[in-house]
Amino acid sequence: MTYKVLIVFILFGFIYPGKAQLTGDNQKQFGQFIVKINYSNVTGRNIVPDFINQPVTLKETFYNKNAYYGLEGLYGFNKYYSAGFYFGYANGTFISNEKIESASETAYYRMDRLGKSFFYGVNGELQLLPLFLNTERLRLHMYLPVQFGLVSQHITTLNTKTSDWDKPAFEIGTGLGLGYNFTMNIGVFGEYRLGRFYNQRNSQWKVGLVFSF
-14 MTYKVLIVFI LFGFIYPGKA QLTGDNQKQF GQFIVKINYS NVTGRNIVPD FINQPVTLKE
46 TFYNKNAYYG LEGLYGFNKY YSAGFYFGYA NGTFISNEKI ESASETAYYR MDRLGKSFFY
106 GVNGELQLLP LFLNTERLRL HMYLPVQFGL VSQHITTLNT KTSDWDKPAF EIGTGLGLGY
166 NFTMNIGVFG EYRLGRFYNQ RNSQWKVGLV FSF
């Protein structure tokens, strides 16, 4: 946490002289309702053949580049705090193969199960710059994001076309976010979080667009 505190103070040193450029022309506050559309990647769990070692066996691996698409809705209670809900979706977060043996004693492997995941929970943000700058309308945002949520995985068995749900997994994380409003209603943001995330992941990033009303 020490380096995060240092970042705040360093940025404050650069921002304060140019305060007029980082704020709007007047003190009208940005909208209290905030919608974020974001992109990231999540870790998928794969059960695939290990052809390196003999005999060939099925091996569990983790792949951390499955595309994730998310939507967040927050309400700003004041210039410091906002809270709301989030929802996300990622396909291919579970891929399983099975071994098929033929009558000629040869074997091959094929995909037998495929999973997709749904992410949902509550989140909040603590704005840091208003603690140092006395203004209601900063264009630049530095904040601490926090999330508590679950991940539900829907797995389809390809041969039988049946499907079921895994037991939901818990996620929790916090980190540092940066954002910038181009206009009163539109901006961009990026975040990096540490915590406990899906499929044994300890960190998570995301980038996206933010709309305020």
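Per my numbering, the very first residue in the sequence shown carries number -14; after that it's consecutive.
Virtual Cβ for every residue (Gly too), placed ideally from N, Cα, C.
Item: Identified DSSP bridge partners for Q138; Value: S102
Item: Option nearest Q185 by Cα separation, candidates N76, F155, A75; Value: F155
Item: Chain-order list of residues whose beta-carbon lies under 6 Å from that of E199 (same chain, five-residue window excluded); Value: The structure shown does not extend to residue 199, since the chain spans only -14 to 198, so no value can be given for it.
Item: Bridge partner(s) assigned by DSSP for S188; Value: L179
Item: Spatial distance of L123 from I22 (CA atoms); Value: 21 Å
Item: Nearest to G158 (by Cα), restricted to the options V195, L118, F133; Value: F133
Item: Outcome for L116 when other beta-carbon atoms lying within 10 angstroms are tallied against a minimum of 16; Value: exposed
Item: Status (buried if at least 16 other CB within 10 Å, exposed otherwise) for K13; Value: For K13, the pLDDT reaches just 49, beneath the cut-off of 50, and the residue's location in the model is therefore unreliable, leaving the point undetermined.
Item: Span separating the alpha-carbon of F201 from that of K44; Value: Because residue 201 is not part of the residues shown, which for the chain are -14 to 198, the question remains open.
Item: Extent of the continuous beta strand (DSSP E) run through Y54; Value: 42 to 61
Item: Inside the segment 154 to 178 only - alpha helix (DSSP H) runs reaching at least 4 residues; Value: none
Item: Own chain residues within Cβ distance below 8 Å of Y74, not counting five before or after; Value: Y53, Y54, G55, K101, S102, F103, F104
Item: Length of the line joining the Cα atoms of T46 and L161; Value: 29 Å
Item: Three-state secondary structure (DSSP) of L118; Value: coil
Item: Candidates D35, Y94, G77: closest to I85 by CA position; Value: Y94
Item: Check whether Y183 and T28 have beta carbons under 8 Å apart; Value: yes
Item: Neighbour-count burial assignment, Q112, 16 or more Cβ in a 10 Å radius; Value: buried
Item: Counted within 10 angstroms of its Cβ, other Cβ atoms place T78 as buried (16 or more) or exposed; Value: buried
Item: Rounded separation between V173 and V195 - CA only; Value: 6 Å
Item: Same chain only: Cβ atoms within 6 Å of M96, ignoring 5 sequence neighbours per side; Value: N82
Item: Counted within 10 angstroms of its Cβ, other Cβ atoms place R178 as buried (16 or more) or exposed; Value: buried
Item: Sheet register partners of T147 (DSSP bridge); Value: T142
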